[in-house]
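Participant: One structure follows; several queries about it will come next.
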Amino acid sequence: MEEKKIIGDEEEKRMAGMEREKICRRCKCSYDVTSNSPSSCRFHPSFFVSRRHDDQKRYYELGPDDPPYAAKFYDCCGAEDPDAPGCTTDLHISYDDN
Ligand SMILES: [Zn+2]
Ligand SMILES: [Zn+2]
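For the sequence shown, the working numbering assigns the number 99 to the last residue and increments by one with no breaks.
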């Protein structure tokens, strides 16, 4: 049994677009694979961490009212804003890549 589907122009275009557009597993942005370059993906190579401040004074001083775990920052660059732009760029990586 052969199953034939009639695909309209619009459907075909949509599928072609889906082929080119992928989701980056690192920054979770959708991107066009044809314009992926080593500066396309901005990300932090390390995690946003929360850690006791004992010996981490290089990041920032805790105020007297801050809880001891108030030190939150990216382990790679020390950025304290979770939305801070990435400190490193590279190619986007799709979920299909290894
Ligand atoms: Zn960083
Ligand atoms: Zn990316």
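Yeah, the Cβ is synthetic: ideal placement off N, Cα and C, and Gly gets one too.
Quick caveat, the model's predicted, so the values are computed rather than measured.
Which residues mark the beginning and the end of the beta strand (DSSP E) in which Cys42 is found?
Facilitator: From DSSP, the beta strand (DSSP E) with Cys42 extends over Cys42 to Phe44.
Participant: Under the rule that 16 or more other beta-carbon atoms within 10 Å means buried, what is Phe48, buried or exposed?
Facilitator: The residue is exposed, with fewer than 16 neighbouring Cβ atoms inside 10 Å.
Participant: Beta-carbon within less than 6 Å of Lys73's beta-carbon, same chain only, minus the 5 sequence neighbours each way: which residues are those?
Facilitator: Same-chain partners within the cutoff: Ser51.
Participant: Evaluate Lys29 with the Cβ neighbour count: other Cβ atoms within 10 Å of its Cβ, from every protein chain shown; 16 or more gives buried, anything less gives exposed.
Facilitator: It is exposed - the Cβ of Lys29 has fewer than 16 other Cβ atoms within 10 Å.
Participant: Looking at ligand 1, does it come within less than 6 Å of His93, judged from the CB to the closest heavy atom?
Facilitator: Because no heavy atom of ligand 1 lies under 6 Å away, the Cβ of His93 does not count as near it: no.
Participant: So, helix, strand or coil for Glu11, using DSSP?
Facilitator: Here Glu11 sits in helix by DSSP.
Participant: Mapping DSSP to helix, strand and coil, what is Glu81?
Facilitator: In the structure shown, Glu81 sits in coil (DSSP, three-state: anything other than H, G, I, E or B).
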